[in-house]
Amino acid sequence: MKKVIHIVGARPNFMKVAPIHKAIAARTSLQQLVMHTGQHYDAKMSDVFFADLGMAAPDIHLGIGSGSHAEQTAKMMVEMEKIFLKEKPDLVSVVGDVNSTIAAALVTSKLAIPLSHVEAGLRSFERHMPEEINRVVTDRLSDMLLTPSRDADANLLKEGIDPKRIHLVGNVMIDSLLSSKEKADQLPTLKQLGLTPRAYVVATLHRPSNVDNPKLLAGLLSTLIHVAKKVPVVFPVHPRTRKMISEQGHGPELEKTPALKLVDPMGYLEFLSLTSQAQLVMTDSGGLQEETTALGVPCLTLREETERPVTVEVGTNEVVGTDPVRIREAADRVLSGNVKKGRVPELWDGRTGERIADLYARVLGVEQKRAFG
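For the sequence shown, position 204 (counting from the first letter as 1) is numbered 204 according to UniProt numbering, and the numbering increases by one without interruption.
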């Protein structure tokens with residue numbers, strides 16, 4: 001039986017792999033294994049997502065944990081090589097742009113194992129971002145490049161990638177969102193936090209370029225305080241961000257603003273119930289730019305660039321940078337009712353996992369229980 005190994009490492013990966021795994025199980029005779037590298041090892045950042053998405057525990061858990069980019073990637077590569085040599089997969093499927101992704105790309109290329117990159121072709125064109133390096137190198141090494149939007153196709157073609165290797169399949173993370181929303185809507189999240197639908201803001205900050213820079217972090221936190229003086233702000237705090245807030249002494253200042261609610265990271269369903277009913281989302285997350293566009297919720301991206309321009313060109317996202325004055329002006333505009341209208345991009349229809357399952361079956365020459373249609 002032909003075998004595919006899915007690689008996950010950080011929680012955005014789980015939302016992308018779950019629909020693919022489910023569709024392959026329903027439509028093909030492929031054997032599947034899920035390898036969790038342990039890049040996100042906190043239960044709140046990892047295990048709860050498997051439960052929320054209806055996935056079984058990973059078949060393989062490397063337990064790598066934290067470390068520098070070089071340490072983490074190197075440890076993953078050593079352990080992945082052992083697993084790949086033992087399991088002899090016919091295809092390795094990676095998603096996104098985390099260190100787990102690039103580690104698998106490097107190992108498969110050395111072992112001549114076919115590699116598929118889901119969410120290929122995204123570019124911020126900022127080489128100082130580790131994620132950008134991971135994207136570019138993974139795409140270079142991949143045999144199949146599965147893109148979420150036509151701008152990603154264009155990026156790959158400009159880089160000289162053979163068009164035969166590029167497959168526009170849509171955004172697989174939207175599959176998870178659409179299949180989970182009804183269940184998320186039933187959760188009492190807003191009631192527990194004392195919130196009213198469309199009368200609060202959700203904020204997230206986790207990118208090292210933002211939270212590891214003391215000046216930038218201070219400015220971004222000041223904008224959240226500004227917004228919280230007008231409307232409640234829920235701020236699920238990433239462990240890395242909480243550490244930096246503590247080290248830089250921002251805790252007392254944040255505590256003086258009771259409408260700024262710092263909470264622990266949430267599970268997927270709980271967080272979806274929160275974001276889907278927000279008046280505004282302020283974030284430096286790539287995935288949230290996509291989810292808010294699919295949900296029709298206004299989003300302000302707290303970065304100078306985005307690798308997901310379709311969320312700006314078509315969706316509800318605005319890239320406002322990291323200047324506190326500019327962010328406050330944009331937030332005030334949205335809160336006053338001046339909201340950018342958007343629409344859902346092409347093929348963000350909840351059926352991307354099915355398209356990927358059919359593609360893998362065709363490429364690997366395996367029996368399909370039923371064809372996509």
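Note that the Cβ used here is the ideal one computed from N, Cα and C, for glycine as well.
Item, Value
"Could you tell me which residues DSSP puts in a beta bridge with F14?", "The partner list for F14 (beta bridge, DSSP) is empty, contrary to what the question assumes."
"Using the beta-carbon count (16 or more within 10 Å), is F235 buried or exposed?", "buried"
"Please state whether the Cβ-Cβ distance between G121 and A70 is less than 7 Å.", "no"
"Just the C-alpha distance for H238 and E367, rounded to the nearest angstrom, thanks.", "43 Å"
"With which residues is H61 paired in a DSSP beta bridge?", "H36"
"Among H226, R165, K261 and S276, which has the Cα closest to the Cα of A184?", "S276"
"Assign L145 to one of three DSSP states: helix, strand, or coil.", "strand"
"Expressed to the nearest angstrom, what Euclidean distance is found between the alpha-carbon atoms of P214 and Q248?", "7 Å"
"Curious, which full-length alpha helix (DSSP H) runs of at least 4 residues does the region 116 to 144 contain?", "130 to 141"
"Looking at the structure shown, is E282 part of a helix, part of a strand, or coil, going by DSSP?", "The question names Glu, yet the displayed sequence has Met at residue 282. DSSP places M282 in strand when its eight states are reduced to three."
"Please confirm if the region 80 to 94 is in contact with the region 3 to 15, defined as three or more CB-CB distances below 8 Å between the two stretches.", "yes"
"Looking at C-alpha atoms only, which residue of V94, V202 and I225 is the closest neighbour of G251?", "I225"
"Could you spell out the range, first to last residue, of the alpha helix (DSSP H) harbouring A228?", "P214 to A228"
"Would T316 and P345 qualify as a contact pair, given that the criterion is a beta-carbon distance under 7 Å?", "no"
"Inspect the CB distances between the region 134 to 143 and the region 170 to 181 and report whether three or more fall short of 8 Å.", "no"
"Nearest CA to the CA of S116: which residue from V17, E270, T301 and D349?", "V17"
"Using C-beta distances below 6 Å, list every residue in its chain close to A23, excluding the 5 sequence neighbours before and after it, in chain order.", "G353, E354 and A357"
"Taking Cβ to Cβ, would you say T73 is nearer than 7 Å to A361?", "no"
"Could you please give me the residues that DSSP links to A203 through a beta bridge?", "M282"
"Since E313 is in the alpha helix (DSSP H), which residue starts that stretch and which ends it?", "V310 to E313"
"Less than 7 Å between the beta carbons of S285 and T204, yes or no?", "yes"
"Give a yes or no on whether the C-beta atoms belonging to L274 and V233 are separated by under 7 Å.", "no"
"Is the beta carbon of I64 sitting closer than 7 Å to the one on W348?", "no"
"Quick check on DSSP: helix, strand or coil for S93?", "strand"
"Quick test of your reading: E119 and P148, contact by CB under 8 Å. State the CB separation rounded to the nearest angstrom.", "6 Å"
"If A154 and I7 are in contact, beta carbons under 8 Å, what's the gap, nearest whole angstrom?", "Not really, about 26 Å apart at Cβ, beyond 8 Å."
"From K158 to M129, what does the alpha carbon distance come to, in whole angstroms?", "20 Å"
"In its own chain, which residues sit with a C-beta less than 8 Å from the C-beta of E305, not counting the 5 before and 5 after it?", "S124, F125, E126 and V319"
"Could I get the ranges of all uninterrupted alpha helix (DSSP H) runs contained in the region 231 to 266, with 4 residues as the minimum, in chain order?", "239 to 247 and 251 to 255"
"Checking the sheet assignment: what are the DSSP bridge partners for E318?", "L300"
"Tell me, please, which residues DSSP counts as bridged to T28.", "Q368"
"Would you check whether the ligand PLP has a heavy atom nearer than 6 Å to the C-beta of V234?", "Inclusion of the ligand PLP in the displayed structure is not the case, the ligand content being empty and no account of it being possible."
"Between the alpha carbons of T101 and L254, how many angstroms are there, rounded?", "36 Å"
"Whole angstroms is fine: what's the gap from I327's alpha carbon to E132's?", "24 Å"
"Under a Cβ-count criterion, where at least 16 other Cβ atoms within 10 Å of its own Cβ denotes burial, should N99 be classed as buried or exposed?", "buried"
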